[in-house]
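Trainee: Just dropping this structure here.
Okay, structure coming up:
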């Protein structure tokens, strides 16, 4: 990588240069975007750009090019700004036309507000947070692959009006040693930084800040999440962005202390923008947080993320060489993963088969209200008096890029905010646990549910989980009405008996091994897995989920004939719902072997798998029915 690149260290210089050449020609904006797109297409160029996800904010140079891997948590109203303006030199009265794009504050000089050359433009602001539930191995892999050279600035010292979260961590949290698995390409000064400073976190309620806690709330959907939040300002094609989209954003970092000063000083803010007087104090805090806590990022280039697996190319379908190379060894990786999960599931190979199908499932289309491709799995028979479900969830977290474990205790059901809601006072969307990015693995631990009474909140939460599972949608609470948001979340339910929630398939765990200490047994299995094997599993699960799939007319006709034949002797033996489930299992089974179309053999194997599963389920129900 070059030791210094102007387009990374000083992107505004590049923008101003193109603007100066083109003046107010409509072509200049297109030239700016094309310039940065071409630069980022260079080999490994994206890895040269420092990331807000990996590097502490105070290590990043203001007005430099940075990237941010994030999810759109909220969308604010569009805002107007001066796209071009004139400054006047008081000593000479000379005027100069300047560019106002990709900036929060004007350059030095007196602005001529009466100039006819002022151009008013519009931009959209998104409130973005790190991808909820992103696994630690994903964060570390992205950080280690970075080639950015980040050196703490000695010339820039931000004059904060509020403490940064890094400072809060130093004052309120005990020091910890930095993990050796963190980024290895940063300069030596970083090694003296407390590991808590590598990420940001909202301080606890008793933090000694003179401002109320709502002013410091980063509004993460999941409790306990850490990392930077960011106001992402989009100038082009913002209609293509959707709430909960995963994005990788490249833009100009803005942390000007004046932003915090303006937000705090109501007199100044009302003079600069008279419309601010119409906003409540809560809305000002939500929409104009201190830049030292929530930086601004002016987008030069943004791409939606098909996945957030750092071991894969960003666009798998376009990388034919990678895809063909991995497909050649996919079957062997599947066999190794099946063996691994069989050990994890206490020797139950059938449960391991269905767990693989669940982990590669994804909603690929919607027919009216029916989401096609979802495969919610209920693993019943999980031991209650052990940490088995917790260990099982940790193993899934080591395999999946994003996941979250929700303990369905009575307290959590009655108290946790599941559904996002609109706060009209602050004019923002308050996150809830079910505001997750696509293909997040949601692990519902029903073994933690004890006897007791669900209150009104608990009933709403259970209903929301049921709607998520059945329809892959979440109804956000807008007080006077509900707004439906489609989603694509893999739900795995661990329970003792049959789950109280709906599911697409239930497998009752039938262990063939009984270790004296389940926790030590599972930890030993994890330690036995080489990092290279784990990486193969991670690649396999993402690739299998993203493969295309189709059924030929010939196989479709054969399936229809088979269905008629199965119903001939006993029409009640199989329903249309059973056929649909078999087709879903057949699809996932084919994809798990790297086959993008259904074969006759694949259909037969799927039927056999379903027959074994339903037979086991019926046997277990008979056992439960005979219990006193």
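Residue numbers (the UniProt record's numbering): 1 to 628.
Ideal placement from N, C-alpha and C gives every residue a C-beta, glycine not left out.
What's the gap between the Cα of residue 575 and the Cα of residue 441?
Mentor: Within the chain shown, the letter at position 575 stands for residue 575. Within the chain shown, the letter at position 441 stands for residue 441. Rounded to whole angstroms, residue 575 to residue 441 spans 29 Å at the Cα level.
Trainee: Rank 446, 562, 421 and 362 by C-alpha distance to the C-alpha of residue 385 and give the top, closest one.
Mentor: Walking along the chain shown from the start, residue 385 turns up at place 385. Comparing Cα-Cα distances from residue 385 to each of 446, 562, 421 and 362, the minimum goes to 446.
Trainee: Mind checking which residues open and close the alpha helix (DSSP H) that includes residue 573?
Mentor: Within the chain shown, residue 573 is the residue found at index 573, counting from 1. No alpha helix (DSSP H) holds residue 573; DSSP gives it neither H nor E.
Trainee: Can you tell me the Cβ-Cβ gap for residue 44 and residue 124, rounded? I've got them flagged as a contact below 8 Å.
Mentor: Locating residue 44 in the chain shown gives position 44, where the first residue counts as 1. Locating residue 124 in the chain shown gives position 124, where the first residue counts as 1. Not a contact, Cβ separation roughly 31 Å.
Trainee: Suppose contacts are defined by Cβ-Cβ distances below 8 Å. Is residue 295 in contact with residue 254 by that definition?
Mentor: The residue labelled residue 295 in the question sits at position 295 within the chain shown. The residue labelled residue 254 in the question sits at position 254 within the chain shown. Their beta carbons are under 8 Å apart, which means residue 295 touches residue 254 by this criterion.
Trainee: How long is the line joining the alpha carbons of residue 326 and residue 252, rounded to whole angstroms?
Mentor: Within the chain shown, numbered from 1, the residue matching residue 326 stands at position 326. Within the chain shown, numbered from 1, the residue matching residue 252 stands at position 252. Cα to Cα, residue 326 sits roughly 37 Å from residue 252.
Trainee: Would you say residue 305 and residue 225 are within 8 Å of each other, going by their C-beta atoms?
Mentor: Sequence index remark: in the chain shown, residue 305 carries index 305 (1-based). Sequence index remark: in the chain shown, residue 225 carries index 225 (1-based). No.
Trainee: With H, G and I counted as helix, E and B as strand and the rest as coil, what does DSSP make of residue 569?
Mentor: Your numbering for residue 569 matches position 569 in the chain shown. It is helical.
Trainee: For a quick check, are the C-beta atoms of residue 428 and residue 74 less than 8 Å apart?
Mentor: Translated into the one-based positions of the chain shown, residue 428 becomes position 428. Translated into the one-based positions of the chain shown, residue 74 becomes position 74. Contact flag set, yes.
Trainee: Within the continuous beta strand (DSSP E) that includes residue 285, where are the two ends?
Mentor: Looking up residue 285 in the chain shown gives position 285. First-last for residue 285: 281–287, but that is the alpha helix (DSSP H), not the beta strand (DSSP E).
Trainee: Is the beta carbon of residue 131 sitting closer than 8 Å to the one on residue 82?
Mentor: Counting from 1 along the chain shown, the entry for residue 131 is found at position 131. Counting from 1 along the chain shown, the entry for residue 82 is found at position 82. Going by C-beta atoms, residue 131 is not nearer than 8 Å to residue 82.
Trainee: Please report the straight-line C-alpha distance between residue 519 and residue 439, rounded to a whole angstrom.
Mentor: Translated into the one-based positions of the chain shown, residue 519 becomes position 519. Translated into the one-based positions of the chain shown, residue 439 becomes position 439. C-alpha separation (whole angstroms): 28 Å.
Trainee: Need the endpoints of the beta strand (DSSP E) that residue 117 sits in, please.
Mentor: If you number the chain shown from 1, residue 117 lands on position 117. Premise fails: residue 117 is in no beta strand (DSSP E) and is neither H nor E.
Trainee: For residue 462, which three-state DSSP category applies?
Mentor: As a first step, residue 462 must be located in the chain shown, where it is residue number 462. Residue state, collapsed to three classes: helix.
Trainee: What's the C-alpha gap between residue 390 and residue 567?
Mentor: Locating residue 390 in the chain shown gives position 390, counting from the first residue. Locating residue 567 in the chain shown gives position 567, counting from the first residue. Rounded to the nearest angstrom, the two C-alpha atoms are 42 Å apart.
Trainee: Rounded C-beta distance between residue 355 and residue 377? I'm assuming under 8 Å.
Mentor: To locate residue 355, count along the chain shown from 1; it is residue 355. To locate residue 377, count along the chain shown from 1; it is residue 377. The pair is a contact, with the Cβ atoms about 7 Å apart (cut-off 8 Å).
Trainee: Please state if the CB of residue 444 and the CB of residue 491 are separated by a distance shorter than 8 Å.
Mentor: What you label residue 491 is simply residue 491 of the chain shown in a count that begins at 1. What you label residue 444 is simply residue 444 of the chain shown in a count that begins at 1. Contact flag set, yes.
Trainee: Return the first residue and the last residue of the beta strand (DSSP E) that residue 80 is part of.
Mentor: Taking the first residue of the chain shown as position 1, residue 80 is located at position 80. Counting along the chain, the beta strand (DSSP E) containing residue 80 begins and ends at 79–88.
Trainee: According to DSSP, residue 125 sits in a beta bridge with which residue or residues?
Mentor: Your numbering for residue 125 matches position 125 in the chain shown. DSSP output for residue 125 lists 233 as bridge partner(s).
Trainee: Assign residue 456 to buried or exposed, taking buried as 16 or more other Cβ atoms, counted over all protein chains shown, within 10 Å of its Cβ.
Mentor: Taking the first residue of the chain shown as position 1, residue 456 is located at position 456. It is exposed - the Cβ of residue 456 has fewer than 16 other Cβ atoms within 10 Å.
Trainee: On the criterion of 16 or more Cβ atoms from any shown chain inside 10 Å, does residue 155 qualify as buried, or is it exposed?
Mentor: If you number the chain shown from 1, residue 155 lands on position 155. With a pLDDT of 44 at residue 155, under the threshold of 50, the predicted position of this residue should be treated as unreliable, and no value is reported.
Trainee: Within 10 angstroms of the Cβ of residue 604, are there 16 or more other Cβ atoms? Answer buried if so, exposed if not.
Mentor: On the chain shown, residue 604 is found 604 positions in, with the first residue counted as 1. Classification for residue 604: exposed.
Trainee: Pick from 411, 454, 302 and 550: whose alpha carbon is nearest that of residue 65?
Mentor: Position 65 of the chain shown, counted from the first residue, corresponds to residue 65. Residue 65 has its Cα closest to that of 302, out of 411, 454, 302 and 550.
Trainee: Can you check whether the CB of residue 353 is closer than 8 Å to the CB of residue 609?
Mentor: To locate residue 609, count along the chain shown from 1; it is residue 609. To locate residue 353, count along the chain shown from 1; it is residue 353. It is a contact, given that the beta carbons lie within the stated cut-off.
Trainee: What does DSSP give as the partner residue(s) for residue 596 in the beta ladder?
Mentor: Along the chain shown, one-based indexing puts residue 596 at 596. BP columns for residue 596 are empty, so no partner.
Trainee: Decide if residue 369 is buried, meaning its Cβ has at least 16 other Cβ atoms within 10 Å, or exposed.
Mentor: As a position in the chain shown, residue 369 is number 369, starting the count at 1. Exposed is the call here.
Trainee: Using the Cβ count rule (16 or more neighbours within 10 Å means buried), how would you classify residue 329?
Mentor: By 1-based counting over the chain shown, the position of residue 329 is 329. Burial call: exposed.
Trainee: Does the region 357–365 come into contact with the region 402–409, if we say contact requires no fewer than three beta-carbon pairs (one atom in each stretch) closer than 8 Å?
Mentor: Too few Cβ pairs lie closer than 8 Å, so no.
Trainee: Helix, strand or coil for residue 316? Go by DSSP, reduced to three states.
Mentor: Translated into the one-based positions of the chain shown, residue 316 becomes position 316. In this structure, residue 316 counts as helix in the three-state DSSP scheme.
Trainee: I'd like to check one pair, residue 536 with residue 333: are the Cβ atoms closer than 8 Å?
Mentor: Here residue 333 corresponds to residue number 333 of the chain shown, with the count starting at 1. Here residue 536 corresponds to residue number 536 of the chain shown, with the count starting at 1. Yes, the pair counts as a contact, with Cβ atoms nearer than the cut-off.
Trainee: Answer yes or no: do residue 235 and residue 103 have a C-beta to C-beta separation smaller than 8 Å?
Mentor: Reading the chain shown from its first residue, position 235 is the one you call residue 235. Reading the chain shown from its first residue, position 103 is the one you call residue 103. No. Outside cutoff.
Trainee: Exposed or buried, what is residue 358 when buried is set at 16 or more other beta-carbons lying within 10 Å of its beta-carbon?
Mentor: Walking along the chain shown from the start, residue 358 turns up at place 358. Burial check for residue 358: the Cβ neighbour count within 10 Å reaches 16 or more, so the residue is buried.
Trainee: Between the beta-carbon of residue 219 and the beta-carbon of residue 437, is there less than 8 Å?
Mentor: Here residue 219 is taken as the residue at index 219 of the chain shown, counted from 1. Here residue 437 is taken as the residue at index 437 of the chain shown, counted from 1. No, Cβ-Cβ distance for residue 219 and residue 437 is not below 8 Å.
Trainee: From what residue to what residue does the beta strand (DSSP E) around residue 13 run?
Mentor: Mapped onto the chain shown, residue 13 falls at position 13. Run containing residue 13: none in the beta strand (DSSP E); it sits in the alpha helix (DSSP H), 11–22.
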